[in-house]
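Data first, discussion second: the structure below is written as structure tokens.
Protein chains in written order, with the working numbering: chain L, 484 to 800; chain D, 10 to 182.
Structure (structure tokens):
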């Protein structure tokens, strides 16, 4: 049966369409009554939406997750790879930061003493099987490094070049048992010979039996003729103890090296000694302790009140 | 009688509208999901006379327009669903083969959903609003059509029974 319709129904449809257009016009002109309806609807629906959201939250993303399973796995793999790269990058950055710090300190030291240096990276540590204390650095004859050149780092004396190859060199560390260096005490200028003992502590043998030495004295390299094997003024270490030497011909002292031989990364080979002896200018500055504020509470009996009243004062330690 | 029909229809539409907002919209389905409200309203219109279809479309469109998630101006869905509601009722009313074949009704409802959404898209563009990626919009419309084909067979019997209970005149075969 074909629907024919009549004037009444046509009028109804036209009225509805015109009403719709009227609503659109009102809304586009920004009539607030119309826009307020949405706020009302939102307020009315919000509690139901919240309740349904809580109830459906475990399954809400189920269907979309199922369809995205392959994509999610690929994304996960991609993120894991990115994470791994970032981890490596962080480790590399930390390593670089340490190297930069060491490089800066060695440049500061050599700049202050006016040493002409060439920087080197440690490429190998000596093996413990040989009992010798040595390192291999990545510069050699290609950068004019020769035997018996002093090797330093930011903290002080590292050792001396023993063997030179085309692009690397073997350095005997200051702690090697065969290592001997002429040293002087900063300030008093007493001289002696420091011997390595295979540890972080060396033994100083003073030449004069009447020398006055005390714990805390700082040792510097005395320097050799033409700066080989040792340039003058390089800090070596600090006296930590003076063994009882009654009856001995010369005085002895235990010296802890400034250089942390197990944490070396960047060093420098001194190619040319300074024109003048830097004397004591390279003595490391002692760190000054920062005062920590402490709060002290004094309890004094009050003359008015029967209970003691506390008073607070701040002091520095 | 007319008042009873209107009140019952309005209450049913409000209930389905609430169901749409509170539950169906919370589930993230692929390809844009479906609108159970649109399916129900268009099924209702298809089972009604053209006048009732137009009025039902008008009321349903107004509800969609005041929905918190609506993007266009108020009156846009009202206009579209008035016309589509009238159109689907008019087509079904005049075609006996469609009336006796439930499958054709499902296809017609799905087609009406696609037409309604496309008309909304077009009208929104004409009114100068932004709709974002055209490819995504096309995917959503097509996805809604396909979802409607899958969901409508379950909604239609319910809509038919409720329609018969309200009007007591027509029912699906």
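Idealized CB from N, CA, C, for every residue including glycine. Being a predicted model, the structure only gives us computed values, none of them experimental.
TODO: Could you tell me whether the segment 162–181 of chain D touches the segment 38–56 of chain D, using the rule of 3 or more Cβ pairs below 8 Å?
DONE: yes
- [ ] Hey, could you find the ends of the alpha helix (DSSP H) residue 102 of chain D is sitting in?
- [x] Element bounds for residue 102 of chain D: 85–102.
- [ ] Taking residue 600 of chain L and residue 754 of chain L to be in contact with their CB atoms under 8 Å, please state how far apart those CB atoms are, rounded to whole angstroms.
- [x] 6 Å
- [ ] Using a Cβ cut-off of 7 Å (strictly closer), state whether residue 182 of chain D contacts chain L.
- [x] At residue 182 of chain D, the pLDDT of 45 sits below 50, so the modelled position is not reliable; the number obtained from the coordinates is stated separately. Chain L, which has no Cβ nearer than 7 Å to the Cβ of residue 182 of chain D, makes this no.
- [ ] Closer than 8 Å by C-beta to residue 854 of chain L: which residues in its own chain qualify, once you throw out the five before and the five after it? Chain order, please.
- [x] Nothing can be reported for residue 854 of chain L: it is not among the residues displayed for chain L, which extend from 484 to 800.
Task: Own chain residues within Cβ distance below 6 Å of residue 115 of chain D, not counting five before or after - done: 161 and 162
Task: residue 608 of chain L - DSSP class collapsed to helix/strand/coil - done: strand
Task: Proximity winner among L:671, L:593, L:742 and L:520, relative to residue 757 of chain L (alpha-carbon distances) - done: Residue 757 of chain L has its Cα closest to that of L:593, out of L:671, L:593, L:742 and L:520.
Open item on the list: Short of 7 Å in beta carbon distance, which residues of its chain neighbour residue 682 of chain L, apart from the five on each side in sequence? Order them along the chain.
Closed with: 658
Open item on the list: Quick check: what's the CA-CA separation for residue 582 of chain L versus residue 745 of chain L?
Closed with: 14 Å
- [ ] Whole angstroms is fine: what's the gap from residue 179 of chain D's alpha carbon to residue 165 of chain D's?
- [x] In this predicted model, residue 179 of chain D has a pLDDT of only 47, less than 50, meaning its place in the structure is not dependable; the value taken from the coordinates is given anyway. Those two C-alpha atoms are separated by around 13 Å.
- [ ] Using 10 angstroms around the beta-carbon of residue 740 of chain L, count the other beta-carbons present and answer buried if the total reaches 16, otherwise exposed.
- [x] Buried is the call here.
Open item on the list: By the DSSP assignment, the alpha helix (DSSP H) with residue 119 of chain D in it spans what residues?
Closed with: Taken as a continuous stretch (DSSP letters only), the alpha helix (DSSP H) holding residue 119 of chain D covers 111–135.
Open item on the list: So residue 87 of chain D contacts chain L; which residues on that side make the cut at Cβ distance below 7 Å?
Closed with: 503 and 506
TODO: Please determine, among D:76, D:85 and D:99, the residue with the shortest C-alpha to C-alpha distance to residue 46 of chain D.
DONE: The shortest Cα separation from residue 46 of chain D among D:76, D:85 and D:99 belongs to D:76.
Open item on the list: Please classify residue 143 of chain D as buried or exposed, where buried requires at least 16 other C-beta atoms within 10 Å of its C-beta.
Closed with: By the neighbour-count rule (16 or more Cβ atoms within 10 Å), residue 143 of chain D is not buried but exposed.
TODO: Give a yes or no on whether 7 Å exceeds the smallest Cβ distance from residue 151 of chain D to chain L.
DONE: So no, residue 151 of chain D is outside the interface.
TODO: Mind checking who residue 646 of chain L pairs with in its DSSP beta bridge?
DONE: L:653
TODO: Could you work out which residues of chain L lie near residue 92 of chain D, taking near to mean beta carbons separated by less than 8 Å?
DONE: Neighbours of residue 92 of chain D on chain L, chain order: 500.
- [ ] Grab the span of the alpha helix (DSSP H) containing residue 617 of chain L for me, first residue to last.
- [x] Run containing residue 617 of chain L: none in the alpha helix (DSSP H); it sits in the beta strand (DSSP E), 617–620.
Open item on the list: Quick check on residue 672 of chain L: does DSSP put it in helix, strand or coil?
Closed with: coil
Task: Neighbourhood of residue 799 of chain L by C-beta distance below 8 Å, restricted to the same chain and skipping five residues each side - done: Reliability of the predicted coordinates at residue 799 of chain L is poor, the pLDDT of 46 falling under 50, and the value obtained from them is presented with this limitation in mind. Taken in chain order, the residues that qualify are 774, 775, 776 and 777.
Task: Distance, residue 124 of chain D Cα to residue 28 of chain D Cα - done: Between residue 28 of chain D and residue 124 of chain D, the alpha-carbon positions lie close to 23 Å from each other.
Task: Sequence-distant residues of the same chain with beta carbon closer than 6 Å to residue 484 of chain L, five excluded per side - done: Residue placement at residue 484 of chain L is poorly supported in this model, since its pLDDT is 45, which falls under 50; the coordinates are not used for a value here.
- [ ] Tell me, to the nearest whole angstrom, how far the beta carbon of residue 72 of chain D is from that of residue 175 of chain D; I am working on the premise that it is less than 8 Å.
- [x] Not confirmed; about 17 Å, so no contact.
Task: residue 145 of chain D at chain L interface by Cβ criterion, 7 Å - done: no
Task: Cα-Cα separation between residue 535 of chain L and residue 30 of chain D, rounded to whole angstroms - done: 9 Å
Task: Three-state secondary structure assigned by DSSP to residue 15 of chain D - done: helix
TODO: Report the rounded CA-to-CA distance for residue 177 of chain D versus residue 14 of chain D, giving the unit in angstroms.
DONE: Going from the Cα of residue 177 of chain D to the Cα of residue 14 of chain D covers about 10 Å.
Open item on the list: Can you check whether the C-beta of residue 511 of chain L is within less than 7 Å of a C-beta belonging to chain D?
Closed with: yes
Open item on the list: Using CA atoms only, rank isn't needed, just tell me which of L:675, L:648, L:653 and L:726 is closest to residue 698 of chain L.
Closed with: Residue 698 of chain L has its Cα closest to that of L:726, out of L:675, L:648, L:653 and L:726.
Open item on the list: Between residue 80 of chain D and chain L, is the shortest Cβ-Cβ distance under 7 Å, so that the two count as touching?
Closed with: no
Open item on the list: For residue 701 of chain L, list the residues DSSP reports as bridge partners.
Closed with: L:721
Task: Distance between beta carbons of residue 632 of chain L and residue 711 of chain L, contact taken as under 8 Å - done: 7 Å
Task: residue 491 of chain L, buried or exposed, once every other Cβ within 10 Å from all chains shown has been counted against 16 - done: Burial call: exposed.
- [ ] Could you check if residue 12 of chain D is buried or exposed, using at least 16 other CB atoms within 10 Å of its CB as the buried criterion?
- [x] exposed
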